[in-house]
Amino acid sequence: MTTATSSASATVGPADLPPEIAPCIDLTARVQVASGGRFAFDGDPKAEAVLEGISRALCRRSARHVLLTGEPGVGQTMVLGELASRLATDTVAGLSDRRVLLVDCRYTAPEQSRQRLFAILSLVGSDEQIVAIDGFAALMRSVQGTNKAVLFSALSSVGCRIIGLITPHEYQELFSDDPATRDFFSRVEIEEPDVISAKQIVSRLSAGLARQYELAIDHGATDRAVVLSHNYILNERLPGKALRILTRVCEDLDYERAQLGSQIDSLTADHVIRTVSDMSGVPEETLRGVADQADYERSIGQYIVGQEHAVHQIAGELSLIKSGLTDKGKPATVMLFVGQTGVGKTEMAKVLARFYSSSKRLKTYTLGNFIESHSVSGIIGVPPGYVGHEQGGRLVNELNADPYGVFLLDEADKTHPDVLQPFLNLFDEGWIRDQRGVTAYADKSIFILTTNVGQRMLSDLARQGATPEVMAEKMKEALTKIRHTKSNRPVFTPEFLARLKRIVVFQPLTQAAMLGIARKLVAEMQHTWFQKREKRLTVAEELIWYVADEAHRLNQCSDGREGGRIVRRLLADLVETPLQREIQQRSDEYRTAVGVTINVLSKKPTPRESPQHGNQTVSIPPPSVAVCFV
């Protein structure tokens, strides 16, 4: 592949597009002043095919404009950089001396799009121009509907070539069903490179980062950035996400040198691991312990206690999503979480959001509040003519804002059947349209429904030793019998249940699970105390055992209605309340202490499964505790 050098035959001046029209980069001028170095995609057959497709299209008499289709991060602008390099060195016959401009229109408002489109086409209409427009879809959307007719009319007379950068969904929405598009545009698709190709690309591009930030970047660091981002940052694409990691590390190290006097001059794999942990929510220890394969089971298991089978199922689902082995045109997955209250269903959804969503925030729809037929307006918006119509539907807005969102449909069994109707099409076709006519696609989104139906049945099945698979089938049968309290219609139709990819059963919490939850919550308390109060908190092992044992007993007495939340309440009563009381009474002693210890004064409780007599379990008297400042 040809390299752009400073010895190009002709020098092209800077882009003359006024900045008030749109930000513009003259890619030809940029590559003409570059010195040495190979192109990032050099030797990649897929990239060569893309460049060949673009070159062929630009040389045609008809359909000589290009719609360059690809997900953000797959390297659209890198391909344009190589195109400019090839044109500057006269390696594409018929296109020599063409100047490549990259215009950024991503943030164009609909009311500004038509005027901006006119301005761009009038100012860069020369036959010597190839104008690449990032955010091409934004220029097509107008308050009048679409600007395609304006575009096609202008393209009939302008001499320049247009390359529109769009996503596959934007192409589907705006151009796929328009025959006129084929008269003017050729479509060229860019796919995400595989890990091996991405390593080569990132390794070459990291040289520019090294020069810019005056850092040595270890080869192992670039490899770790690619592998860890591939496995744990599922809401972005290679090579862009790996480059974003390296750039962020470079910026952080540069800040530490300038502001903190750091002497670091090398970017290592350890720096990458810390950054990926921060961006993905996966603990550093997990990232250090994995090689080229993601260990989602271990990652999720650090947050969810006592639900090994559920963790295994959901980790497997994440692996399928990462590998692209999901049903085309449908959501990434649709799962129903069933189980008693407090067993970790909502916490699991939050963990998935931290791992998967671009916003890291779980989008919760409490369907127990959608009990009337008209409540569906809270999903798809209100009809035309009603107040708030212009705001659109919440679900469509959130899908478009975060295509990799994790959506929790909580208490789904309590909702009106009409509220689930939009989801019927969404789960089957992968898209939804609100009352404004705005479409959103959900093929990258995760949907989780929860229900507490059948708590007693699940508890009985667990005592009988039923497998999770048997419990899931029993729950599916139970769900078909649920009817809406007011309309007496079935809440879950057979068609709706058929669209659920997985029914994940969360088991009733055992004493061992309660112990794990207690240890986890105590560890969180210790972390908070050290971070915010700079004091080490120690809680006696006997007290942790008592909390777990008593929580298990109380949960059994309530037929599972307490769940793991009872552990937090017991810790508040036995740790936080006496601790705050002692701090108020012995404030001077507390201020000078470096640590706080909660000891047990009474006899050590015996760790055990609480014995049952009929429907009652034996209570253990709470231990006496003492607070020590050390």
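For the sequence shown, my numbering gives the first residue as 1237, with consecutive numbering after it. By construction, the Cβ of each residue, glycine as well, lies at the ideal position given by its N, Cα and C atoms.
To the nearest whole angstrom, what separates the beta carbons of Glu1446 and Ile1437, a pair I think is in contact under 8 Å?
It is worth fixing the name first, because residue 1446 is Ala in this sequence and not Glu. Not confirmed; about 15 Å, so no contact.
Have a look at Gln1627 and Gly1617 and give me their C-alpha separation to the nearest angstrom.
Their backbone Cα atoms lie some 7 Å apart in a straight line.
In the DSSP assignment, find the unbroken alpha helix (DSSP H) run with Ile1819 in it and report its ends.
Here the alpha helix (DSSP H) through Ile1819 covers Thr1813 to Gln1821.
Using DSSP bridges, identify the partner residues of Asn1835.
DSSP lists Ala1862 as partners of Asn1835.
Among residues of its own chain, excluding the 5 on either side of Asp1638, which ones have a beta-carbon nearer than 7 Å to its beta-carbon?
Here the set comprises Ser1593, Ser1594 and Ser1595.
Between the stretch 1394-1401 and the stretch 1349-1366, are three or more C-beta pairs nearer than 8 Å?
Enough Cβ pairs lie closer than 8 Å, so yes.
Relative to the C-alpha of Leu1631, which candidate in Val1623, Ile1500, Pro1620 and Phe1643 has its C-alpha closest?
The option with the nearest alpha carbon to Leu1631 is Phe1643.
Along the chain, which unbroken stretches of the alpha helix (DSSP H) at least 4 residues long are found entirely within the stretch 1527-1553?
Segments of the alpha helix (DSSP H) lying fully in the stretch 1527-1553: 1532-1537.
In this structure, how does DSSP classify Ser1378 when only helix, strand and coil are distinguished?
Strand at Ser1378.
Under a Cβ-count criterion, where at least 16 other Cβ atoms within 10 Å of its own Cβ denotes burial, should Lys1564 be classed as buried or exposed?
That one is exposed.
Within this structure, are the beta carbons of Leu1441 and Leu1338 separated by less than 8 Å?
Cβ distance not < 8 Å, so Leu1441 and Leu1338 don't count as in contact.
Excluding the 5 residues preceding and the 5 following Glu1427 in the sequence, name in chain order all residues of the same chain whose CB lies nearer than 8 Å to its CB.
Answer for Glu1427: Lys1282, Gly1306 and Val1310, listed in chain order.
Taking Met1707 as the reference, give the member of Thr1721, Gln1743, Ile1557 and Ile1402 with the closest Cα.
It is Gln1743.
Going residue by residue through the stretch 1588-1616, where are the continuous beta strand (DSSP E) segments of at least 3 residues, counting only ones entirely within it?
Taking only runs of at least 3 residues, the beta strand (DSSP E) segments lying wholly in the stretch 1588-1616 are 1599-1602.
Taking 7 Å as the limit between beta carbons, can you name the residues of its chain near Ile1536, skipping five residues before and five after?
Result list for Ile1536: Val1547, Ile1550, Ala1551 and Val1587, in chain order.
Determine the extent of the alpha helix (DSSP H) in which Thr1483 is found, giving its start and end residues.
Here the alpha helix (DSSP H) through Thr1483 covers Gly1476 to Gln1495.
What is the DSSP secondary structure of Asp1514, reduced to helix, strand or coil?
Asp1514 falls in the helix class under three-state DSSP.
At which residues does the alpha helix (DSSP H) containing Gln1365 begin and terminate?
Unbroken run through Gln1365 is the beta strand (DSSP E), Gln1365 to Asp1370; no alpha helix (DSSP H).
Can you tell me whether Ala1452 is helix, strand or coil according to DSSP?
Residue state, collapsed to three classes: strand.
Tell me which same chain residues have a C-beta within less than 8 Å of the C-beta of Thr1675, skipping the five on either side of it?
Within the same chain, Thr1675 has close Cβ partners Glu1409, Val1632, Trp1667, Ile1668 and Arg1669.
Mind reading off the beta-carbon distance from Val1302 to Ser1422? Whole number of angstroms is fine, and I expect it under 8 Å.
At roughly 6 Å, the Cβ-Cβ gap stays under 8 Å, so Val1302 and Ser1422 are in contact.
Going by other Cβ atoms of all chains shown within 10 Å of its Cβ, with 16 needed for buried, is Gly1542 buried or exposed?
It counts as buried.
Would you check if the distance between the CB atom of Arg1510 and the CB atom of Glu1520 is smaller than 8 Å?
Cβ distance < 8 Å, so Arg1510 and Glu1520 count as in contact.
Give every residue of the same chain whose Cβ lies closer than 7 Å to the Cβ of Phe1732, excluding the five residues on either side of it in the sequence, and list them in chain order.
Closer than 7 Å at the Cβ level, and outside the excluded window around Phe1732, lie Leu1656 and Leu1660.
If I'm right that Glu1487 touches Ile1500 with Cβ under 8 Å, what's the distance once you round it to whole angstroms?
No, Glu1487 and Ile1500 are not in contact; Cβ-Cβ is about 13 Å, not under 8 Å.
By how many angstroms is the C-alpha of Glu1647 removed from the C-alpha of Thr1239?
Legend: pLDDT at Thr1239 = 38, less than 50; position of this residue unreliable, value from coordinates given subsequently. Whole-angstrom Cα-Cα distance: 59 Å.
So for Ser1271, helix, strand or coil by DSSP?
With a pLDDT of only 42 at Ser1271, under the threshold of 50, the placement of this residue in the model should not be trusted, and no figure is reported.
Roughly how many angstroms lie between the CA atoms of Arg1844 and Trp1781, to the nearest whole one?
Any answer about Arg1844 is weak, because its pLDDT of 48 lies below 50 and its placement is not dependable; what the coordinates show is given next. One C-alpha to the other measures close to 9 Å.
Just to confirm, is the Cβ distance from Val1512 to Ala1457 under 8 Å?
In this structure, Ala1457 does not lie closer than 8 Å to Val1512 by Cβ.
With DSSP as the reference, label Val1574 as helix, strand or coil.
In this structure, Val1574 counts as strand in the three-state DSSP scheme.
Considering only C-alpha positions, which residue in the set Pro1308, Lys1650 and Glu1709 is nearest to Leu1401?
Measuring from the Cα of Leu1401, the nearest candidate turns out to be Pro1308.
Pull up the CB-CB distance for Gly1629 and Ile1615, whole angstroms please, since I reckon it's below 8 Å.
Yes, they are in contact, since the Cβ atoms of Gly1629 and Ile1615 sit about 6 Å apart, within 8 Å.
Report the option in Pro1619, Tyr1677, Thr1686 and Glu1709 whose CA atom is closest to the CA atom of Gln1671.
Nearest of Pro1619, Tyr1677, Thr1686 and Glu1709 to Gln1671, Cα basis: Pro1619.
Taking 8 Å as the threshold (C-beta atoms), are Ser1378 and Pro1346 in contact?
It is a contact, given that the beta carbons lie within the stated cut-off.
Assuming Ile1739 and Val1574 form a contact by the criterion Cβ under 8 Å, report the distance between their Cβ atoms to the nearest whole angstrom.
That belief holds up - the Cβ atoms of Ile1739 and Val1574 are roughly 6 Å apart, short of 8 Å.
Which residue spans inside the stretch 1409-1466 form an unbroken alpha helix (DSSP H) run of at least 4?
Listed in chain order, they are 1415-1420 and 1431-1449.
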